[in-house]
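When you number the sequence shown by UniProt numbering, it's gap-free, plus one each residue, and the end is 203. In this text, a Cβ means the ideal position worked out from N, Cα and C, and glycines have one as well. Have a look at the structure below before the remarks.
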Amino acid sequence: MRIKASTQTVAAILTATVFLTAAVSAQAQQTAKKSTVAPPAAPAATGAVVNKYDFEAGVAGWSAPAKTISIATVTNPKKSGKSSLKVSGTSSSGLYNFAASPRIALQQGKQYQVSAWLYVKSWDTPLRPPTLKIGIYKDGKWISNAFSHSYDLKKKNVWQKSTLVVTVPTGGSMAGSISIEKGTQDAIKGEVWVDDVVLQTMK
């Protein structure tokens with residue numbers, strides 16, 4: 001009877017040890033999982049808004065370089081607010097811009113971000129999709145461009161956001177003009193809406 005009692009005691013001790021080991025292992029795994037969770041990505045470091053075009057009160061000085069392109073504010077489609085800018089028609093050959101903003105004064109050596117929402121219904125040159133661009137001018141003369149990624153023409157009839165970053169050179173009076181770039185000097189027929197164009201400094 002003493003031997004049987006000792007065997008039962010040993011079995012109970014072994015069983016308790018197994019359960020305790022499993023519990024400790026499970027807790028360690030949970031702790032490891034919690035410690036390996038990646039922190040959320042930091043937001044883009046943007047600063048003060050220099051200029052914003054929401055087209056709620058008209059075309060805000062935007063124009064087309066070709067007389068065969070019409071520009072007007074419309075109520076549909078729109079990304080936000082009550083209206084957007086519609087640009088449509090056939091551009092002349094020899095021109096890169098489909099539509100452009102007035103020139104905006106920029107600070108020398110400053111880094112800026114430009115963002116805009118584009119909505120394309122039609123564009124007859126699929127190999128040259130529209131792109132957001134800012135042209136940089138020094139003492140009134142064009143010196144360089146900065147571009148965003150191109151609009152995805154496989155996903156027409158939806159709003160797509162375009163963003164670019166540019167560092168302004170030094171050594172003169174600097175300005176920039178935001179535009180919808182055709183990507184070619186060839187004539188292109190298209191129908192594009194633009195909304196919520198924002199120019200802001202980078203921190």
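| query | result |
| --- | --- |
| Counted within 10 angstroms of its Cβ, other Cβ atoms place Trp142 as buried (16 or more) or exposed | exposed |
| Cβ-based burial, Pro126 [other Cβ within 10 Å; buried from 16] | exposed |
| Gln113 beta carbon less than 8 angstroms from that of Thr167 | no |
| Beta-carbon proximity of Ile180 to Val192, cut-off 8 angstroms | yes |
| Cut-off 6 angstroms between Cβ atoms - residues of its own chain near Gly89, not counting five sequence neighbours on either side | Thr68, Ile69, Ser70 |
| Boundaries (first-last residue) of the beta strand (DSSP E) holding Lys189 | 189-202 |
| Own chain partners of Ala175 with C-beta closer than 7 angstroms, once the 5 adjacent residues on each side are dropped | Arg103, Ile104, Ala105, Leu106, Tyr137 |
| Beta carbon of Ser83 nearer than 8 angstroms to that of Val74 | yes |
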